[in-house]
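Protein chains in written order, with the UniProt record's numbering: chain U, 1 to 324; chain F, 1 to 502; chain S, 1 to 103; chain A, 1 to 504; chain W, 1 to 124.
Every residue gets a Cβ at the ideal spot worked out from N, C-alpha and C, and that includes glycine.
Everything numeric in this text was worked out from a predicted model, so none of it was measured.
Below is one structure, written out as structure tokens; comments come after it.
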Amino acid sequence: MEIGKTIGAVVMLFILLGFVTMAVLFERKVIGWMQSRVGPNRVGPWGILQTVADVLKMLFKEDTVPHKADHTLFKAAPILAFMPAFAVVAVIPFTPSLVFSDIAVGLLYYMAVSSITTIAVMVGGWSSNNKYALLGGMRSAAQMISYEIPLVMSVVGVIMAAGSLNLKEIVAAQADMWFIVPQFLGFLVFLVASVSELNRTPFDLPEAESELVAGYHVEYSGFRFAFFMLAEYVYVFAMSALTTVLFLGGWNPVFGLTFIPPIVWFVIKFVIVVFFLFWLRATFPRVRMDQLMQLGWKVLLPLALLNIFLSALLREVPFIGRFY
Amino acid sequence: MEKALAHIDWSAMTPELILVTAAALLIVLELLLPDETSRDWLGWLALLAVVGAGTYVAVHFGAATVDLLQGSYRTDPVAQSFKLVLLGGTALILLLSLSGGNREGIRARGEYYFLLLAAVLGASVMTSSADLVTLFVGLELLSISSYILAGIRKQRTDANEAAWKYVVLGGVSSAFILYGMSFVYGLTGSTNLFVVQQRIVEAYQTGYAPFVLLSLFLMMLGFGFKIAAAPFHMWAPDVYQGSPTSVTAFLAVVSKTAAFALVTRVVLVVYLQLIQLRVWEEIITPLLLVIAGASMIVGNAVALRQTNVKRLMAYSGIAQAGYVLVPLASLGMTLFESTLFYLLAYLLMTVGVFAVIMVVERDAEHGEFSAFAGLYRRSPLVALTMTLLVLSLAGIPVTAGFFGKFYLLINAIATQHFWIAAVMVVTTVVSYFYYFEFIRQMYFRPAPKGNPLAIPIGTAIVIGIGVIGTVGLGLFPNAVLHALGQLKWVEVLSVPQAPPGP
Amino acid sequence: MLMPVTSYLALSAILFCIGLYGVLTKRNAVMVLFSIELMLNAVNVNLVAFSKYGLYANLTGHIFSLFTITVAAAEAAVGIAILIALYRNKATTEADKINSMKG
Amino acid sequence: MWNGLPTWVTFSPILGMLVLLFIPRQRNRWLKWVGMAGTLPPLILAITMFVLFDPQSRGVQFAQHVSWIHIPIPQSPGWKLSYAMGADGLSLPLVLMTTIIAALAAVGSMYIKERVKSYFLLFLLLETAMLGVFLARDLFLFFLFFEVTLVATYFLVGIWGYMERERAANQFLLYNGLGSALMLLAFGGLLLVFGTLNLDQLLVRTSQLFADPEWMQGPLRQVIWGIFLCILIAFGIKLPAFPFHTWMLRVHVEAPPAVVMIHSGVLLKMGAYGLIRFGVDLFPPLVQQMATFLAVLGLVNILYGAALAFVQRDLKRVLAYSSVSHMGIILFGIAALNFSGLQGAVFQAVSHGFISALMFLIIAVLYERTGTTMIDEMSGLAKAMPVLSGVLLAGGLALLGLPGMSGFVSEFLAFLGMFKQYPVIAGIGALGLILAAAYTLRAVMAATFGPFLDRWERLTDTKAVETVPMLVLLGLIIAIGVYPQMLGEPMQTTLQMIVTRIGG
Amino acid sequence: MGYSANYVMLAVFFLLGLGLPLVAFTAGSLLRPRKPTPAKGISYESGADPVGDSWIQFNVRYYLFALLFVVFDVETIFLYPWATVYHELRSGVGLFTLVEMLVFVLLLLVGLCYAWKKKVLEWK
């Protein structure tokens, strides 16, 4: 059992790597399509090997570390960024049986572990001893902590309704009604906050090329850089999965179409979320730093608190109450 | 949990509820008010709340002990009497700040009053707690509010420094207290003081004696910081000096009193049963006495070298903390009565002294001793009141300070701890020297200016209450003695009903 | 104490001592704050360990540690706020420069 | 109907204080007159008391007892502190002396030039406190009055003294503070052991305790000894007994003369009073064990004071050291532990009070005119100021114990008592008397006779307002010397009782 | 699946997360060229030579947000357990739970408004 699971974990790792490879390509293709251009199309049929080629290129790149950098931390930062990104996947229930670690405090675990990445970003920015990197790192940290609050608070409504922090039980609680409906406000806040947490457009300020060259990873090259990117895309995976679990009913079928296996339902919903994220990137311009912070504190946080209020109050209303 | 929270008799908590409501109201009003509106009436509101809470306590003084919230909250004699002192002190300090505080460079008036309320709320919770968790939460509410209060003049470097030192050393002391509490919990599996009381003896006898003692030492280390007893007193002088005078008065009076409530309750209740194993006799009493003696010696000796009045008061306060520890340490027969009497006296005289210091400091624009030079020529009445207050601090009849100290001393003699009694009286004599420095300055030195001091009416009232109280308590302490004497102090040490579960 | 708890106690004692050492020796004020946090967290280790392996194991320790965490956060927040004020006035976070009062 | 008398005596100076409060502080003349007048009510009342006092009665007279503070103690009736006043043969002469000296010192205060109002307010406060000390029958009350004298004297020395007044005031405060701290310890102990601080109850209870021959083996032995030693040191400092005398020298030199009159005349006697009242009377068996020590201490005081007085060049210092010497005689009287010894001690207290008051009054007048108190600089005063010089000479004679003056009676009685108990020590002590004659005459002669200095040309002799008090004092000194029974009669019964308690 | 097994899995995930980069870096170091020149070690500053150290004091505003974060983040440690058992409490204790919760969230909101009013939320 244990060994089987461990092998499963290794398989999961490779699935993730595969997902990232495809996701990068998919993203470029989707954006290209939306912006009426072609996207990668040279390497392999339909450009399918483009990402593989990129990774290979990075593998063969010379590894440079700036003389003035703090070497230990500089080298540790990418690892620190990737490790939690992968570790959070452990608690995601893909189907009733396919969950690697079914712990009681799954959601809390996710929130806690995912915030470690903030530290990695700061460490990377700081240890480079480069002004752009430092500024990027600081900004990124400020942004991530600002959005973590609404993110964390937006799911309180879900927890109240499900009465559990276990992700499997949360999914199970959505058998009748996905939480996206009663918790729509929470969902909106969660979505916006999660996009920001992912440092993705329109909230990709830490790596704003026009202002900060490349943000906290200016000095990174080769595989070290690759791991920062990898972490980002693994988070896209994890966050999309979490969104699916928390608000979209996880593996629960729609319209009673139970003959379709749960995993398929999960993947369908998951892909929609991922697509949505790419879509955002193609559509929105980047916001300014001050707008970003104001949105987080002055809009999302009050909304998240309001959502908690509403969740508690609406429960007292007849008929609707049972969904809360 | 079955005993629904809603069905609890909340009326016992009225003082705290008044305070918390007022505090919440205050901060909301502060939010809603335009910036340019005067915040003074918020202060009056705070005063009203404190007086209201105090009146409630006073009216129910001597009422039977009530246990609430599964025994974590109780209104026993310690709670009642300490609360009265705390609320009285806060009321005086609020009055003081209302009449003169806005000239002390405190810009955030609304927050100032709010923080005072929050602090006294914490203190009040502390006195009423019979559970380590609530005790700790109360303590921290008081401490954290005090940290901010100490640094509320944020545009001044000395205030920043004072607050910084306070927060760092306060944090360390909290950590020590908590560390000690964690062992208490580990040994007894409960945070309820009375459950702990019963189980700790068993733990002591079954081979965990070192841990029991460790918990005591760690907590005493932390408490030492909170009551500013030597050798954990380092923060006090800087904090007293850097804080606005009204806040210094608050720290000197309310914080210290609350900390004594904490020490008394925890040390006494938790470790009381160990008396049958001679632990008190052999370890706890000597430990506390050494702290007390060190405080007296260090406080009084270092005070001799001070030139800044508030620093001097800090060291004086350290010495006074030593005196007040004596009854607890010696487990004297009038432990509670004498401690409370002295704290009450200390409240009156200290608030009075700080009120005078505030006026003088503002007039001279500095806080050195020379600010008092020739005060007698300028304002004889102020000088006279200050003299009485200082004499009381020095423990000279016919003041409350004298009688209080005599009362404390008797505990030491009665329990045959002669050496601490000797230290007490000898250091008291040493203290004459620096307390009389006020008198030397006021009467023996020429005045740099001729004009009389301007004293706002509120400050005058506070000084008046301080002096009248000090002399009155010194001459006719009977009323207070009887009020304290009629309380059933035994209830403090044991639960009246069956002890609650873990 | 029961065997399993000893190692936790040792861990927390070590953490506590490191924190204390940091408070006493670190020159940077932020580090001092961190050290205090470390001390408080050492307590949490203790509490949680006792809550499972104490003489009377129960959940109270967990609840206590929740309060500890909150209080630690509040304390850190106040500490940082004071530090910001100090920095604005003095442009330093070196702890040994925060020392203008003597006596 | 006379039961309130001690209270009236004690608090009558407050009348003067009240009047003073309503006089503007610039009106120096008025203030001085009112201040002086303020000392009259206590004087009159004290004389009344003296007259009404029944010398035969064994109890406390004019006793008054009002319960005051009640300290509740769990499982016991608690402690009661009371406002108890009353006079007996021991306090009566001292009260009378206090009022007389205070009145005369008020006259001597006319040289005070600045802050007259505060001066007299404090002066009268001091008088109240002193009277309270002698009349209190409750130890707690006694202590309160005792401490008030301390504070008032501190101010009087610190504000109106000479150059080094602050140091003198501080030293005074520290020594006496220490003394009263020990006293407080002792009283606290008494309260705990005997459950009361009322003097009459204490007398009964200590007798009961000491009547039990087993008490020395009892657990109380150490405590009682501790209490006794504290009392001994506390009043030893006040007296002052060697080696606690340095503060007193400084106060003598630095304080304004009128204050020194009070200080040397009355305040030091509180030490003697305390020793007899709380040392001898409460702890007879303990005093007996300490008697030899006290006698030796007295001897040291006598010889040390006399020897040092001999080499002083400042008249004030001569008198200060002579006070040390004379206090040794009081110690002698106490150590003798017999009737004549105790009588001598009380006589000495009163007599020395008058004599030193006289001497310092003279010094006040002298200093006012010459601006100096150095013996060498005063040479030849007799020519310029015959009256003053005459009084000075008379005072000097009183000081050295010339028969026919009060000093002789007291010294005679004290030495008589001493010779009965410790002939050798008394013999050596007698040396001090010879020395006293030597240093007194040397100082007085050098100051008054000797070559006349030109700068004294324009000196005027004493005015009536100065002469009268001097003559009054001198008259009293001679009166006691000639007719000691005046003083001896009232105290006879009380002292007899004390001696009975001692078992002598 | 046992209680501890779940946590073992978490450890496995962490180890894998640590292992992959390590393996990748090791593989990279075998494959990639290594020709260091001094110029390669210079920090990047848009082509110009870098001036001074960049380990400077952070801007104070970052601390302000850190402070806010600490405060609000810690509130959630009370919100989560409370939210988890909310239903049980609600049926056990009654409306009091609701009121209590509203008060708690309201206090959070007041805190937020307070920071807002004091212009802490402005990014300058």
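Is there a Cβ from chain U that is less than 8 Å from the Cβ of residue 84 of chain W? For residue 84 of chain W, at least one C-beta of chain U is nearer than 8 Å to its own C-beta.
Would you identify the three-state DSSP class for residue 122 of chain U, choosing helix, strand or coil? helix
Got a sec? Which residues, its chain only, sit under 6 Å from residue 446 of chain F by beta carbon, not counting five neighbours each side? 374
Which runs of the alpha helix (DSSP H) fall wholly inside the region 26-81 of chain S and span at least 4 residues, in chain order? 29-53, all fully within the region 26-81 of chain S.
Where the region 183-217 of chain F meets chain S: residues whose CB sits under 8 Å from a CB there: 183, 185, 186, 187, 188, 189, 190, 191, 199, 203, 208 and 211
Residue from F/169, F/37 and F/12 whose Cα sits closest to the Cα of residue 75 of chain S: F/169
Using 8 Å for Cβ pairs, my map puts residue 85 of chain S next to residue 83 of chain F. What's the rounded Cβ distance? That belief does not hold up - the Cβ atoms of residue 85 of chain S and residue 83 of chain F are roughly 33 Å apart, past 8 Å.
Residue-level contact to chain F via CB, residue 114 of chain W, 8 Å cutoff: yes
Shortest alpha-carbon distance to residue 441 of chain F belongs to which of A/412, A/486, A/500 and A/166? A/166
Proximal residues to residue 2 of chain A (C-beta, below 7 Å), its chain only, five neighbours per side dropped: So the qualifying residues of the chain are 52 and 62.
Spatially closest choice to residue 391 of chain F from F/25, F/378, F/11 and F/470, by CA coordinates: F/470
Indicate whether at least one CB of chain W lies closer than 8 Å to the CB of residue 294 of chain U. yes
Comparing C-alpha positions only, which one of A/329, A/352, A/353 and A/325 sits nearest to residue 342 of chain A? A/329
State yes or no: is the beta carbon of residue 1 of chain W nearer than 8 Å to at least one beta carbon in chain U? Residue placement at residue 1 of chain W cannot be trusted, given a pLDDT of 47 that sits under 50; what the coordinates show is reported in the next sentence. Chain U, which has a Cβ nearer than 8 Å to the Cβ of residue 1 of chain W, makes this yes.
Can you check whether the C-beta of residue 197 of chain U is within less than 8 Å of a C-beta belonging to chain W? no
Terminal residues of the alpha helix (DSSP H) in which residue 79 of chain A lies: Element bounds for residue 79 of chain A: not the alpha helix (DSSP H) but the beta strand (DSSP E), 76-87.
Residues that DSSP places opposite residue 64 of chain A in a beta bridge: Here residue 64 of chain A is bridged, per DSSP, to A/85.
Just the Cα atoms here: how many angstroms apart are residue 64 of chain S and residue 223 of chain F? 19 Å
Can you list the alpha helix (DSSP H) stretches of 4 or more residues lying completely in the region 97-135 of chain A, in chain order? 116-135
Answer with yes or no whether the minimum CB distance from residue 119 of chain W to chain F is below 8 Å. no
Which residues of the region 67-84 of chain W have a Cβ closer than 7 Å to any Cβ of chain U? Give them in chain order. 69, 72, 73, 76, 79, 80, 83 and 84
Local conformation of residue 68 of chain F per DSSP, three classes: strand
Would you say residue 139 of chain F lies against chain W (beta-carbon separation less than 8 Å)? no
Cut-off 7 Å between Cβ atoms - residues of its own chain near residue 288 of chain F, not counting five sequence neighbours on either side: Here residue 288 of chain F has 325, 328 and 329 as same chain residues with Cβ atoms under 7 Å from its own Cβ, once five neighbours each way along the sequence are excluded.
Inter-residue spacing [alpha-carbon to alpha-carbon] between residue 506 of chain F and residue 309 of chain F: Only positions 1 to 502 of chain F appear in this structure, which leaves residue 506 of chain F out of reach.
Which partner residues does residue 138 of chain A have in the DSSP bridge list? A/198
Residues of the region 295-313 of chain U whose Cβ lies closer than 7 Å to any Cβ of chain W, in chain order: 297, 298, 301, 302, 305, 308, 309 and 312
Should residue 455 of chain A be labelled buried (16 or more other beta-carbon atoms within 10 Å of its own) or exposed? exposed
Output needed in chain order: residues of the region 323-343 of chain F with a Cβ under 9 Å from some Cβ in chain W. none
Would you say residue 80 of chain S reaches chain W, if we count a Cβ-Cβ gap shorter than 8 Å as a contact? yes
So, is residue 17 of chain S buried or exposed, given that buried needs 16 or more other C-beta atoms within 10 angstroms? Here residue 17 of chain S is exposed: its Cβ has fewer than 16 other Cβ atoms, across all protein chains shown, within 10 Å.
CB residue 183 of chain U to CB residue 247 of chain U, shorter than 8 Å? yes
Figure out for me which residue from A/203, A/449, A/368 and A/202 has the closest Cα to the Cα of residue 109 of chain A. A/368
Applying a beta-carbon distance threshold of less than 8 Å, which residues of chain F neighbour residue 157 of chain A? Correct list: empty, because the minimum Cβ distance to chain F is about 10 Å.
Can you round the beta-carbon distance between residue 360 of chain A and residue 264 of chain A to whole angstroms, since I take them to be within the 8 Å contact cut? 6 Å
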